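Quick note on our numbering: the sequence shown kicks off at 451 and runs consecutively. Structure first, commentary second.
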Amino acid sequence: MALTKTTTKPRPSTTTKRVSIALPPSASAPTLPSGIVYFWAFLGIDPYPYLAVLRGTEFLSCAVFIYLGNRTVIQPWRRTGVLSLDGKMFIGGMFASTLDILFAVFNPTWTMNAHGIAYGSWSNSIPGLPGPGAHKVPWGLLWCLPAYIWLSVGAAITGTNLLDFVWGRFPWVGRMGGYVLLQAFYMAVFTGLATFWNRTQVYTYVSCAPWPLTLWYGTTHQLPLYEPFLIGLYC
């Protein structure tokens, strides 16, 4: 006896699938590109509980900047007509401030508070910088640029006086011991200063070393331990 096999054709589905198709923007609808953070945040439009800290940082940094510029550049130039070594360090610190943008070539290292006076950055002028939009970073013009000055020539003047004191009072420390103590002093001072700035949101580190090498890892005020060490060497 022959067997018969009955097959049923599948019925077409009655469900409707929604397909989203990306269409190019209409030419009649102009788009507004995101612009550089200029001076709008100076008015304090967004709530920021530590605005007084940021303004105080800007004021003090600018005041030290003007003082050091007068002491190391203007006065020696007027007196001798020659740029002193301290004056060369002052000018060199201004060029060194470009490192903030170069550090962010592969990973964003930090972010600065947009309430500070800023005029973007100069990343578009760096050939081959693979950081689209980095020229819009609110780089702290009134506090970060002066910081490179008082962390260089300012720290050098302070460190020279400290070394003279240590070697005069404790000659057994030796030259190398004095430099080690000075490096430890710079690291301790910057660790306290950076911790204060990070906790008051003046700036913060958005990428860090692994957690054994980072204080308060995973928080908004995390601090990579390589930063105080490198700043100490810079000083």
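The C-beta atom is built at its ideal place from N, Cα and C for all residues, glycine as well. The structure presented is a predicted model; accordingly, all values stated were derived computationally and were not measured.
Pick from the options that is closest to residue i, judged by C-alpha positions
{"i": "L663", "options": "Y676, S657 and Q651", "result": "Y676"}
{"i": "A634", "options": "A554, G618, I576 and G609", "result": "G609"}
{"i": "P499", "options": "D614, H565, L680 and G668", "result": "H565"}
{"i": "M562", "options": "P674, Q672, W661 and Y655", "result": "Y655"}
{"i": "L632", "options": "G583, R529, F679 and T669", "result": "F679"}
{"i": "V616", "options": "S534, V603, V630 and G604", "result": "V630"}
{"i": "A644", "options": "G668, L613, P497 and T507", "result": "T507"}
{"i": "C658", "options": "R505, F556 and G578", "result": "F556"}
{"i": "I567", "options": "L673, A597 and R505", "result": "R505"}
{"i": "C538", "options": "N574, N611 and A606", "result": "Note that residue 538 is Lys in the sequence shown, not Cys. Closest by alpha carbon: A606."}
{"i": "C685", "options": "G627, L612, R529 and V603", "result": "V603"}
{"i": "Y636", "options": "T669, A597, L613 and L683", "result": "L683"}
{"i": "L518", "options": "A502, V503, L535 and G531", "result": "L535"}
{"i": "D550", "options": "R528, L533, I576 and T530", "result": "I576"}
{"i": "F553", "options": "Y667, G542, L579 and G570", "result": "L579"}
{"i": "F646", "options": "S547, G668, P660 and L673", "result": "L673"}
{"i": "W572", "options": "W661, W560 and F545", "result": "F545"}
{"i": "G628", "options": "A638, L612, T641 and F640", "result": "L612"}
{"i": "I599", "options": "F540, W560, A638 and D614", "result": "F540"}
{"i": "L601", "options": "G624, A638, G543 and A584", "result": "G543"}
{"i": "V639", "options": "I681, G624 and D614", "result": "I681"}
{"i": "P558", "options": "G583, S547, I516 and N574", "result": "G583"}
{"i": "S547", "options": "A597, I516, R529 and V532", "result": "A597"}
Coarse secondary structure for residue i, derived from DSSP in three states
{"i": "W617", "result": "helix"}
{"i": "P674", "result": "strand"}
{"i": "G543", "result": "helix"}
{"i": "S534", "result": "coil"}
{"i": "T507", "result": "helix"}
{"i": "A554", "result": "coil"}
{"i": "T548", "result": "coil"}
{"i": "T669", "result": "coil"}
{"i": "F679", "result": "helix"}
{"i": "V523", "result": "helix"}
{"i": "Y684", "result": "helix"}
{"i": "A659", "result": "coil"}
{"i": "Y498", "result": "coil"}
{"i": "T457", "result": "At T457, the pLDDT of 48 sits below 50, so the modelled position is not reliable; the number obtained from the coordinates is stated separately. DSSP places T457 in coil when its eight states are reduced to three."}
Beta-ladder partner(s) of residue i, from DSSP
{"i": "Y653", "result": "M562"}
{"i": "T664", "result": "P674"}
Heavy atom of the ligand SAH within 6 Å of residue i beta-carbon
{"i": "V532", "result": "With respect to the ligand SAH, the structure shown offers nothing to examine, as it has no ligands at all."}
My parser needs the beta strand (DSSP E) runs of 3 or more residues fully inside the segment 556-615; what are they? 560-562
Take every Cβ of the segment 524-536, pair it with every Cβ of the segment 582-589, and state whether three or more of those distances are shorter than 8 Å. no
Between the segment 614-626 and the segment 644-655, do at least 3 Cβ pairs fall closer than 8 Å? no
Quick check: the segment 591-599 against the segment 509-516, are there 3 or more CB pairs under 8 Å? yes
Mind pulling the alpha helix (DSSP H) runs of 4 or more residues that sit fully within the segment 622-654? 624-649
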